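In my numbering, the protein residues as written are 32 to 209.
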């Protein structure tokens with residue numbers, strides 16, 4: 032067997048290995064993107080629900096305008112963070128939103144007419160369902176990120192990731208509002 036044939040076989044094997052590893056990284060990145068998109072859909076749903084919650088609370092909590100504004104500002108921050116897909120900013124915005132939502136729920140429960148309102152009860156139940164689903168979707172996203180980041184951090188995936196520009200992804204860290 033000639034040296035040229037061996038060199039050709041080695042090059043073909045390297046190209047095959049590169050393509051195989053590259054495809055694995057693309058698949059892992061696609062899973063993370065898909066998980067983000069599922070999470071994003073729920074964030075959009077909650078984004079649409081918050082004004083309804085504020086509207087239901089406003090007549091009963093007129094003295095709490097600053098709290099309602101804080102909730103709406105946090106909602107806008109979450110919207111901006113999800114538009115840019117900035118996981119760190121989304122974590123911070125979610126923390127502010129959860130804090131404002133928790134404060135609003137405490138104040139709402141202290142207002143007997145609001146707490147007894149069927150429409151508020153439905154909105155509160157919907158919010159709790161969305162928070163639970165958001166936790167589930169963020170866990171799925173974090174698992175996809177863990178797998179992807181693991182694949183790009185180990186050799187030979189690390190080499191392919193450097194050549195093909197696969198950046199590491201950031202996980203999310205937010206809990207449902209209590």
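Using N, Cα and C, we set each Cβ at its ideal position, and we do this for glycine too. Since this is a predicted model, take the numbers as computed values, not measurements.
Rounded C-alpha distance that separates residue i from residue j
{"i": "residue 94", "j": "residue 137", "result": "14 Å"}
{"i": "residue 37", "j": "residue 51", "result": "21 Å"}
{"i": "residue 145", "j": "residue 179", "result": "46 Å"}
{"i": "residue 183", "j": "residue 83", "result": "43 Å"}
{"i": "residue 98", "j": "residue 148", "result": "20 Å"}
{"i": "residue 78", "j": "residue 110", "result": "7 Å"}
{"i": "residue 177", "j": "residue 199", "result": "10 Å"}
{"i": "residue 151", "j": "residue 125", "result": "22 Å"}
{"i": "residue 174", "j": "residue 33", "result": "48 Å"}
{"i": "residue 195", "j": "residue 54", "result": "11 Å"}
{"i": "residue 188", "j": "residue 171", "result": "22 Å"}
{"i": "residue 139", "j": "residue 100", "result": "15 Å"}
{"i": "residue 48", "j": "residue 116", "result": "31 Å"}
{"i": "residue 209", "j": "residue 181", "result": "Below a pLDDT of 50, predicted positions are generally treated as unreliable, and residue 209, at 48, falls in that range; no measurement from the model is reported."}
{"i": "residue 190", "j": "residue 39", "result": "21 Å"}
{"i": "residue 41", "j": "residue 35", "result": "10 Å"}
Beta-carbon proximity check, residue i vs residue j, cutoff 8 Å
{"i": "residue 156", "j": "residue 80", "result": "no"}
{"i": "residue 69", "j": "residue 185", "result": "no"}
{"i": "residue 56", "j": "residue 192", "result": "yes"}
{"i": "residue 127", "j": "residue 107", "result": "no"}
{"i": "residue 197", "j": "residue 60", "result": "yes"}
{"i": "residue 154", "j": "residue 87", "result": "yes"}
{"i": "residue 103", "j": "residue 135", "result": "no"}
First and last residue of the uninterrupted alpha helix (DSSP H) at residue i
{"i": "residue 143", "result": "143-146"}
{"i": "residue 69", "result": "34-88"}
Option in the options with minimal Cα separation from residue i
{"i": "residue 92", "options": "111, 176, 141, 169", "result": "141"}
{"i": "residue 143", "options": "117, 106, 33, 90", "result": "90"}
Min CB distance residue i to chain D below 8 Å
{"i": "residue 173", "result": "As a matter of chain content, chain D is missing from the structure shown, which is built from one protein chain."}
* Asked: Is the segment 60-69 close to the segment 120-131, with three or more CB pairs under 8 Å?
  -> The segment 60-69, when compared against the segment 120-131, does not touch it at the 8 Å Cβ threshold.
* To do: Could you tell me whether the segment 68-77 touches the segment 160-172, where touching means 3 or more Cβ pairs closer than 8 Å?
  => Three or more Cβ pairs closer than 8 Å define a contact, and the segment 68-77 meets that threshold against the segment 160-172.
* **Cβ contact (3+ pairs, closer than 8 Å) linking the segment 106-123 and the segment 190-208** => Taking 8 Å as the limit for Cβ pairs, the verdict is that the segment 190-208 does touch the segment 106-123.
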